[in-house]
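To keep things clear, I will list the structure first and then write my remarks on it.
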Amino acid sequence: MSKNHRGSGIRSLPSHGRGTCAICKKDSIKVLYEQSVDGQTIKICKYCNAALKNKAKAAKPEAAAEAPAAE
0 MSKNHRGSGI RSLPSHGRGT CAICKKDSIK VLYEQSVDGQ TIKICKYCNA
50 ALKNKAKAAK PEAAAEAPAA E
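Taken in order, the sequence shown gives residues 0 to 70; the numbers are from numbering that gives the first Met the number 0.
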């Protein structure tokens, strides 16, 4: 399994990949994940990345449950 978000993979990035998260506004945190939000590509921390994925995952079963009922 690759480890792209730590060690030698981030040494070439400015400030070793650290900055301010565009969603939670935490400072000096690794912002290594690119997400498209409102048509813009922003860099976010791993906590916000996981929160967005969990939010999308939670919304997906509800949509799937509605589809068979509509038929």
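Every residue, glycine too, gets a C-beta built ideally from N, C-alpha and C. These numbers come from a predicted model, not from an experiment.
Query: Roughly how many whole angstroms lie between the Cα atoms of Thr-19 and Lys-25?; Result: 5 Å
Query: Using the C-alpha atoms, what's the distance from Gln-39 back to Cys-47?; Result: 16 Å
Query: Give me whichever residues DSSP pairs with Tyr-32 in a beta bridge.; Result: Ile-43
Query: Should Val-30 go down as buried or exposed, given a rule of 16 or more other Cβ atoms within 10 Å for buried?; Result: buried
Query: Distance check for Ile-9 and Leu-72, CA to CA, integer angstroms please.; Result: Because the chain spans 0 through 70 in this model, residue 72 falls outside it and cannot be assessed.
Query: Residues bridged to Arg-17 by DSSP?; Result: Lys-29
Query: Nearest to His-4 by alpha carbon, out of Ile-28, Asn-53, Ile-22 and Cys-23?; Result: Ile-28
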